[in-house]
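S.K.: Residue numbers (the working numbering): 2 to 483. The structure that follows is given in the form of structure tokens.
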């Protein structure tokens with residue numbers, strides 16, 4: 002690669018939430034490994050959260066990732082500077098609306114650093130006009146699948162995007178997609194519950210997308226080829242699938258330092274896993290935003306025990322009052338399960354040979370990390386794009402089985418409790434023997450191999466990133482010659 006590409010400077014501006022910051026830092030690492038200079042733009046509190054990840058990355062890369070800071074105006078983020086700190090859905094909606102207050106600080110950083118390209122999270126649509134004013138190409142980063150992008154595009158069709166099933170009016174088919182996608186009406190977000198300011202934010206995003214240089218997607222072509230092609234065709238936008246970005250983390254230090262500070266001794270956790278048979282352990286995690294009510298946590302505990310499957314379970318609830326009587330001694334103390342209260346180094350766990358499945362909320366990062374590890378999934382979506390991702394995992398890729406979640410929920414009191422016996426049966430179907438489980442595992446392993454090949458030299462994501470870097474270098478040269 003020539004000197005021009007080594008001088009290319011990209012400014013990455015992630016949303017202030019773990020599920021957006023972590024993959025964008027991974028993305029920056031991928032670009033830096035190709036000779037690009039990368040700067041992560043974030044607030045002081047969030048810079049602390051990713052400093053160990055960046056420090057570890059800089060120890061192994063030829064070029065360093067730098068951090069630039071911007072500050073919220075006073076009182077704009079009184080409840081915290083990261084969405085994971087916010088206790089309610091209403092608080093998270095307000096937080097997203099408050100991000101527009103970063104417009105002026107962003108403009109100052111842009112003029113100071115004058116990068117050759119900006120990669121901005123989709124929740125910052127106002128970044129486009131500022132970048133255009135300075136003649137800087139801007140890519141929007143979508144932390145979601147191409148399937149979700151296609152569904153979202155269909156949702157904004159002038160005519161109805163759905164067709165009800167004749168025998169089940171509560172179930173709809175999303176029209177105009179390359180695969181049949183069925184959803185319960187109750188799994189689709191109710192826009193009447195979305196604040197007007199957030200609705201306006203999504204409108205701004207749609208408008209900004211039409212004027213950006215293109216979109217960067219954390220996926221790989223072989224995972225969803227039909228949806229990738231469909232998205233490009235119906236939108237007319239350039240889109241580069243350059244993932245799975247998490248595969249840039251190769252050694253123990255990179256995987257253990259990724260994200261927040263772990264709350265347990267990883268030597269003990271890995272030692273526990275080392276003592277389990279290959280592919281026998283179920284990993285359970287529902288992301289960084291949702292907290293289940295005690296009644297549902299109790300049913301989960303009973304379901305895991307009934308399945309007779311060893312498990313590692315990450316929970317946000319710090320208490321133990323919801324655990325069934327004697328559970329700590331009988332299950333945890335008996336070596337049948339491990340409960341992690343707080344942050345877990347997910348990549349370390351998923352890629353351990355003892356882990357054979359993942360019970361997930363179907364956040365896109367988690368889905369992609371499971372795919373990359375070659376693991377089948379038990380799916381339990383809750384909100385956002387998670388029900389769409391479930392359809393990709395269960396119906397299109399056929400590497401997962403759902404617990405039967407049918408309600409889009411954003412607050413713990415809204416959840417319809419899934420009973421322990423139901424959970425136990427689904428876990429047994431995925432983690433047990435038999436033709437169904439073997440089929441899931443076989444397909445998951447094949448996808449895992451495809452994911453690894455995609456980011457290797459000559460792979461589809463590697464080539465896509467190279468094409469993007471070439472295009473950005475040409476744009477940089479054209480600007481410098483004018």
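The beta carbon of each residue, even a glycine, is placed where N, CA and C say it ideally should be. From a predicted model like this one, the values you see are computed outputs, not experimental measurements.
Should residue 362 go down as buried or exposed, given a rule of 16 or more other Cβ atoms within 10 Å for buried?
M.R.: Buried, by the Cβ-count rule.
S.K.: Within a Cβ cutoff of 8 Å, which residues of the same chain sit near residue 56, ignoring the five residues on either side of it in sequence?
M.R.: So the qualifying residues of the chain are 258.
S.K.: Could you pull out every residue in the same chain whose Cβ sits closer than 7 Å to the Cβ of residue 223, ignoring the five residues on either side in sequence?
M.R.: The answer, listed in chain order, is 451, 455, 461.
S.K.: Within the continuous beta strand (DSSP E) that includes residue 117, where are the two ends?
M.R.: Looking at the DSSP string, residue 117 is not in any beta strand (DSSP E), and its letter there is neither H nor E.
S.K.: Leaving out five residues on either side along the sequence, give the residues of the same chain with a beta carbon under 6 Å from the beta carbon of residue 169.
M.R.: Around residue 169: no qualifying Cβ.
S.K.: Please list, in chain order, all residues of the same chain as residue 228 whose beta carbon is under 6 Å from its beta carbon, the five residues on each side excluded.
M.R.: Contacts found: 147, 148, 151.
S.K.: Which of the three DSSP states, helix, strand or coil, is assigned to residue 152?
M.R.: The answer is helix: DSSP assigns residue 152 an H, G or I state.
S.K.: Does the stretch 392-409 come close enough to the stretch 315-329 to have 3 or more Cβ pairs within less than 8 Å?
M.R.: With a cut-off of 8 Å, the stretch 315-329 and the stretch 392-409 do not count as touching, because too few Cβ pairs lie within range.
S.K.: How big is the Cα-Cα spacing for residue 138 and residue 241?
M.R.: When rounded, the distance between both Cα atoms is 15 Å.
S.K.: For a test of the three-state rule: what should DSSP assign to residue 89, helix, strand or coil?
M.R.: It is coil, neither helix nor strand.
S.K.: Nearest by alpha-carbon distance to residue 328: which of 304, 103, 407 is it?
M.R.: When only C-alpha atoms are compared, the closest one is 304.
S.K.: Kindly identify the DSSP beta-bridge partner or partners of residue 355.
M.R.: Per DSSP, none; premise fails for residue 355.
S.K.: Out of 192, 129, 458, 171, state which residue places its alpha-carbon closest to the alpha-carbon of residue 157.
M.R.: It is 192 whose Cα lies nearest to the Cα of residue 157.
S.K.: Which residues in the same chain have their Cβ closer than 6 Å to the Cβ of residue 46, if we skip the five residues on either side of it in sequence?
M.R.: Counting only Cβ-Cβ distances below 6 Å, and skipping sequence neighbours, we find 82.
S.K.: Report buried or exposed for residue 175, applying the criterion of at least 16 other Cβ atoms within 10 angstroms of its Cβ.
M.R.: With 16 or more Cβ atoms within 10 Å of its Cβ, residue 175 is classed as buried.
S.K.: Can you look up residue 432 in the DSSP assignment and give me helix, strand or coil?
M.R.: Reduced to three states, the DSSP call for residue 432 is helix.
S.K.: Check whether the Cβ atoms of residue 210 and residue 236 lie closer than 9 Å to each other.
M.R.: Cβ atoms of residue 210 and residue 236: closer than 9 Å.
S.K.: Have a look at residue 9 and residue 477 and give me their C-alpha separation to the nearest angstrom.
M.R.: Each residue's alpha carbon lies about 8 Å from the other.
S.K.: Decide if residue 234 is buried, meaning its Cβ has at least 16 other Cβ atoms within 10 Å, or exposed.
M.R.: Classification for residue 234: exposed.
S.K.: Tell me, which residues are paired with residue 286 by DSSP?
M.R.: In the DSSP output, where bridge partners are listed per residue, residue 286 has 361.
S.K.: With 16 other CB atoms within 10 Å as the buried threshold, where does residue 4 fall?
M.R.: Here the model assigns residue 4 a pLDDT of 43, short of 50, so the residue's position is not dependable, and the following value carries that caveat. Exposed, by the Cβ-count rule.
S.K.: In terms of alpha-carbon separation, which member of 37, 145, 49 lies closest to residue 62?
M.R.: Minimum Cα distance to residue 62 is reached at 37.
S.K.: On the DSSP letters alone, give me the boundaries of the alpha helix (DSSP H) that residue 211 sits inside.
M.R.: Counting along the chain, residue 211 falls outside any alpha helix (DSSP H), and DSSP gives it neither H nor E.
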